[in-house]
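Numbering (this note's numbering), first residue to last: 14 to 373. Data first, discussion second: the structure below is written as structure tokens.
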């Protein structure tokens with residue numbers, strides 16, 4: 014039996030996405046940053062370092078269209094989850110109808126591959142969307158399920174619980190009726206994929222307990238190398254400074270979930286690995302909560318208790334193995350409910366590290 018990690022616990026991920034407003038909060042936060050970006054280049058390049066089920070990138074693209082209604086937008090979205098890609102595709106039909114000159118690329122490649130123009134081990138394919146309306150494109154995109162399942166297979170390491178693609182693929186999607194207009198932008202092979210991006214979204218894209226040196230080396234530094242001059246990158250992750258931090262410490266006292274993700278230490282490690290004064294770095298906070306605003310802190314239903322418990326474990330990236338050590342006994346449910354009733358309000362908090370490239 015494979016060892017589950019927080020990345021492939023699909024049921025808990027969906028429970029969190031559907032019960033909280035984190036994804037929409039992030040999307041609207043990013044939307045506010047659009048008006049401050051440079052738009053001098055003929056194409057606006059966006060990289061989503063982990064699309065998830067697509068709420069963030071889909072909402073963001075709708076906002077981007079408001080500011081850049083006529084400019085071609087080139088998006089690369091990285092995702093390894095078959096289920097998430099299928100949900101993402103269901104959102105994109107309306108985006109292609111709204112913004113005709115959108116080119117959306119989906120890949121399971123790692124960040125270093127995106128910086129390598131000679132990645133000959135990456136399968137490159139294109140899909141031309143035929144139609145005029147969002148429903149035309151949605152019908153085509155939602156029929157891709159067998160194709161996605163065939164090309165996005167995963168391999169699992171039973172020793173350390175890691176997951177990686179069995180093969181690498183890059184799928185480029187665009188409207189056929191825009192092919193002539195976009196002929197100089199649509200990549201013909203992997204070497205023509207942009208090496209620099211104007212806007213990079215990196216939401217929950219690293220393990221909180223990974224060593225800082227590893228996180229910076231394998232994720233943050235490769236992403237920053239893809240940032241265009243005056244481009245912006247947003248690194249978003251759970252802070253542990255909300256109610257979940259104390260709950261995690263109570264139920265898992267020895268695990269140290271946030272010891273390697275304290276923002277000052279993270280930023281300090283980043284600065285050690287990049288050129289001095291090349292990036293302007295700023296830390297911001299984002300608060301979000303449950304969608305169910307009728308939750309009564311004094312009278313939690315059993316269903317709400319499980320939603321809260323799941324959310325606590327999800328934001329802390331608690332593995333399935335670790336969670337099994339804390340059983341759903343009546344005693345533990347009562348303890349959780351008692352601790353929740355002492356709170357004045359329930360909110361979650363993300364750290365958002367803003368990067369702006371100030372010189373080449």
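Glycine residues also receive a C-beta, built at the ideal position from the N, C-alpha and C atoms.
Closest Cα partner of residue i within the set the options
| i | options | result |
| --- | --- | --- |
| residue 10 | 347, 99, 169, 356 | Residue 10 falls outside the range modelled here, since the chain spans only 14 to 373, and no answer is possible. |
| residue 263 | 348, 88, 71 | 348 |
| residue 220 | 181, 187, 272 | 272 |
| residue 49 | 212, 292, 316 | 212 |
| residue 265 | 331, 150, 297 | 331 |
| residue 353 | 290, 343, 256, 281 | 256 |
| residue 187 | 144, 159, 163 | 144 |
| residue 71 | 155, 40, 99, 254 | 40 |
| residue 66 | 111, 27, 214 | 27 |
| residue 235 | 128, 77, 32, 276 | 128 |
| residue 290 | 368, 204, 335 | 368 |
| residue 304 | 259, 197, 29, 288 | 29 |
| residue 124 | 226, 215, 251, 184 | 215 |
| residue 79 | 191, 258, 45 | 45 |
| residue 243 | 294, 193, 199, 224 | 294 |
As assigned by DSSP and simplified to three states, the class of residue i
| i | result |
| --- | --- |
| residue 106 | helix |
| residue 15 | With a pLDDT of 45 at residue 15, under the threshold of 50, the modelled position of this residue cannot be trusted, and the question is left open. |
| residue 6 | Only positions 14 to 373 of the chain appear in the structure, and residue 6 is not among them; the question remains open. |
| residue 162 | helix |
| residue 74 | helix |
| residue 260 | helix |
| residue 68 | helix |
| residue 157 | coil |
| residue 347 | helix |
| residue 28 | helix |
| residue 118 | strand |
| residue 184 | strand |
| residue 316 | helix |
| residue 21 | Caution applies to residue 21, whose pLDDT of 46 falls short of 50 and renders its modelled position unreliable; the value that the coordinates give is listed next. Reduced to three states, the DSSP call for residue 21 is helix. |
| residue 213 | strand |
| residue 251 | strand |
| residue 198 | coil |
| residue 39 | helix |
| residue 44 | helix |
| residue 241 | strand |
| residue 361 | strand |
| residue 297 | strand |
Whole-number beta carbon distance between residue j and residue i, since they are thought to touch under 8 Å
| i | j | result |
| --- | --- | --- |
| residue 105 | residue 64 | Contact flag wrong, Cβ pair sits at about 10 Å. |
| residue 91 | residue 68 | The Cβ separation is near 16 Å, so there is no contact. |
| residue 299 | residue 42 | 6 Å |
| residue 182 | residue 135 | 7 Å |
| residue 286 | residue 229 | 5 Å |
| residue 237 | residue 150 | Rounded, the Cβ-Cβ distance is 33 Å, inconsistent with contact. |
| residue 32 | residue 320 | 5 Å |
Bridge partner(s) assigned by DSSP for residue i
| i | result |
| --- | --- |
| residue 33 | 303 |
| residue 136 | 182 |
| residue 142 | 188 |
| residue 168 | 177 |
| residue 292 | 370 |
| residue 90 | 61, 119 |
Cβ of residue i within 8 Å of any chain C Cβ
| i | result |
| --- | --- |
| residue 183 | Going by chain labels, chain C is absent from the structure shown, which holds only one protein chain. |
Outcome for residue i when other beta-carbon atoms lying within 10 angstroms are tallied against a minimum of 16
| i | result |
| --- | --- |
| residue 315 | exposed |
| residue 274 | buried |
| residue 232 | buried |
| residue 12 | As displayed, the chain neither begins before 14 nor continues past 373, which places residue 12 out of reach and without an answer. |
| residue 372 | exposed |
| residue 210 | buried |
| residue 36 | buried |
| residue 323 | buried |
| residue 85 | buried |
| residue 356 | exposed |
| residue 202 | exposed |
| residue 296 | exposed |
| residue 334 | exposed |
Distance cut-off 7 Å: residue i Cβ against heavy atoms of the ligand SAM
| i | result |
| --- | --- |
| residue 29 | The ligand SAM is not part of the structure shown, which contains no ligands of any sort. |
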